[in-house]
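>
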Amino acid sequence: MEVNKICQFCGNRFVAKKTTTKCCSDDCAKKFYKKRKRDEKIQASDKDLEVQIKGYDIEEIQKKDYLSIKEIMLLLNISRTSIYRMLKDGRLSKLEGFKSIRIRKVDLDTL
Ligand SMILES: [Zn+2]
1 MEVNKICQFC GNRFVAKKTT TKCCSDDCAK KFYKKRKRDE KIQASDKDLE
51 VQIKGYDIEE IQKKDYLSIK EIMLLLNISR TSIYRMLKDG RLSKLEGFKS
101 IRIRKVDLDT L
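Just so we're aligned, residue 1 is where the sequence shown starts under full-length UniProt numbering, counting upward by one.
1. Identify the continuous alpha helix (DSSP H) that holds I72 and give its terminal residues.
2. Note down, in chain order, each residue of its chain lying with its Cβ closer than 6 Å to the Cβ of V3, except the 5 sequence neighbours on either side.
3. Can you pull the DSSP bridge partners for K30?
4. Helix or strand or just coil, what does DSSP make of I61?
5. Which residues end up in the neighbourhood of ligand 1 when you take C-beta atoms closer than 6 Å to any of its heavy atoms?
6. How far does the beta strand (DSSP E) with I103 in it extend, from its first residue to its last?
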């Protein structure tokens, strides 16, 4: 049996003998396998983050007057990078006198 397939690793068209074949060559198959393992690892670390986030209580955060970057990330569901961008362009201002960055919650409400 011959099947026309596209290599999952390099994207080349090739003819496979089995429908389960994913790559055009052994070399691609090895690299594809490695890449998949790496992707799995990345997904696993994303899960770690999720677990960390679940440890936070959103209601508790909403009661606070001053928030940390992480708390804002959770509350607004935005990335750390966008918070830093807002700090940079002045849409958010950080409070002085704290060990780490603190932002007033009222400032978030005006966003
Ligand atoms: Zn290939």
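The beta carbon of each residue, even a glycine, is placed where N, CA and C say it ideally should be.
Result, derived from the coordinates:
1. Sequence index remark: in the sequence shown, residue 72 carries index 72 (1-based). 69–76 is the span of the alpha helix (DSSP H), which, as asked, contains I72.
2. Along the sequence shown, one-based indexing puts residue 3 at 3. These residues qualify, in order along the chain: A16, T19.
3. The count along the sequence shown starts at 1 and reaches residue 30 at position 30. Looking at the DSSP assignment, K30 forms no beta bridge with any residue, so it has no partner.
4. Position 61 of the sequence shown holds residue 61. If DSSP states are grouped into helix, strand and coil, I61 belongs with the helices.
5. C7, F9, C10, N12, C23, C24, S25, C28
6. Position 103 of the sequence shown, counting from 1, holds the residue named residue 103. Here the beta strand (DSSP E) through I103 covers 102–104.
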